[in-house]
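In this note's numbering, the protein residues as written are 112 to 478. We put the CB at the ideal spot given by N, CA and C, even for glycine. A quick note: this is a predicted structure, and the numbers were derived from the prediction, not measured. The structure under discussion appears below in the form of structure tokens.
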């Protein structure tokens, strides 16, 4: 995983590859010798190559979409309307693509978040939290806007009673917003977008990825928002949607996840995944369509973030030269471990841990 100082160095070098080591040290607040050591580490990790601090963006990822604050309020007794109710509460940093970005950052990937936050305390909280795992220099702060938030009121059994979302800031995530970040998009190898953005943003990124020969991933967030995905998807590298979202997009009652996967491939998508909850995952590409059973876990602590963890594992696998089968397995392993934790993104996640989990899983299959 990259440290905050390593990320700061990469951000400065993206702005000025010819900066002197002394000026670079001054900007990030380290001694020249400490800066030199960090640069050497970045060279060894493959983030910097050649002279003039040329950045290796071959595997850089930009994640585009929502970043918000989630409030979970759990009632201690039965809900009583029109009066005060005792609760326990938990506030976390969320957003589908933000969660994906954090997972990838913890997996030691070179990730930049492209999103919008308001000029409020929640916006500052998101930026302060994210900077340890991902680059946030492409996140715009809209001073007069409110950072996106979601509040869930649950009964004492964990069932949702009421969900309240303030996501008006997402209306500003359109094609004009992405145009302002065209230079950053041009520097990335992989572009990942969720369906929290406006339809014009997804269409813009599709056109951009075709024109610039970029790999693009589209991730679903809910069935109602799948209508933001364009009809023409030829050239899209990867789509990840669940069964409900796929049914909504294709306006079908088809329940076979493998057949739904074929529908995505028929749209011109190179790799397609349809998740099916406890019934596993269907996935396909030009060599065929496959079904992988769900990984059984002892206890589900909190399913929040499981889908995001899955998407991250698949993307990580494909970006690191794994075949599609192993990439889907990495997604399933990350998701199954996440639902056994209390966090939307498990705090213990590292590249070494996920690779070890994959090895242990394969060893059990052999034995």
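Cβ of residue i within 7 Å of Cβ of residue j?
| i | j | result |
| --- | --- | --- |
| residue 455 | residue 415 | yes |
| residue 176 | residue 305 | yes |
| residue 311 | residue 286 | yes |
| residue 376 | residue 395 | yes |
| residue 216 | residue 181 | no |
| residue 392 | residue 439 | yes |
| residue 302 | residue 316 | yes |
| residue 383 | residue 359 | no |
| residue 280 | residue 349 | no |
| residue 453 | residue 413 | yes |
| residue 405 | residue 242 | no |
| residue 150 | residue 220 | no |
| residue 218 | residue 427 | yes |
| residue 266 | residue 275 | no |
Tell me the residue span of the alpha helix (DSSP H) that contains residue i.
| i | result |
| --- | --- |
| residue 428 | 417-430 |
| residue 510 | Beyond the ends of the chain as shown, which are 112 and 478, falls residue 510; an answer cannot be given. |
| residue 439 | 435-449 |
| residue 386 | Where residue 386 is concerned, there is no enclosing alpha helix (DSSP H), although the beta strand (DSSP E) it sits in stretches over 382-386. |
| residue 231 | Here residue 231 belongs to no alpha helix (DSSP H), and DSSP marks it neither H nor E. |
Beta strand (DSSP E) containing residue i: first to last residue?
| i | result |
| --- | --- |
| residue 179 | 179-186 |
| residue 352 | 349-353 |
| residue 326 | 326-330 |
| residue 225 | 222-225 |
| residue 561 | This structure leaves residue 561 out entirely; the chain is present only between 112 and 478. |
| residue 406 | No beta strand (DSSP E) contains residue 406, which DSSP labels as neither H nor E. |
| residue 202 | 198-205 |
| residue 396 | 392-396 |
| residue 175 | 172-175 |
Within the 7 Å Cβ cut-off, does residue i reach chain C?
| i | result |
| --- | --- |
| residue 127 | Absent here is chain C; the protein component of the structure consists of one chain. |
In its own chain, which residues sit with a C-beta less than 6 Å from the C-beta of residue i, not counting the 5 before and 5 after it?
| i | result |
| --- | --- |
| residue 308 | 176 and 284 |
| residue 212 | 174, 222, 224 and 245 |
| residue 230 | 252 and 254 |
| residue 184 | 198, 200 and 264 |
| residue 237 | 178, 204 and 228 |
| residue 289 | 312 and 315 |
| residue 202 | 182 |
| residue 436 | none |
Please list, in chain order, all residues of the same chain as residue i whose beta carbon is under 8 Å from its beta carbon, the five residues on each side excluded.
| i | result |
| --- | --- |
| residue 146 | 120, 132, 135, 136 and 139 |
| residue 425 | 349, 351, 384, 438, 439, 441 and 442 |
| residue 361 | 371 and 374 |
Every unbroken alpha helix (DSSP H) inside the region 244-322 [4 residues or more]:
286-290 and 293-297
Enumerated in chain order, which unbroken segments of the alpha helix (DSSP H) with a length of 4 residues or greater are wholly contained in the region 131-159?
132-139 and 143-156
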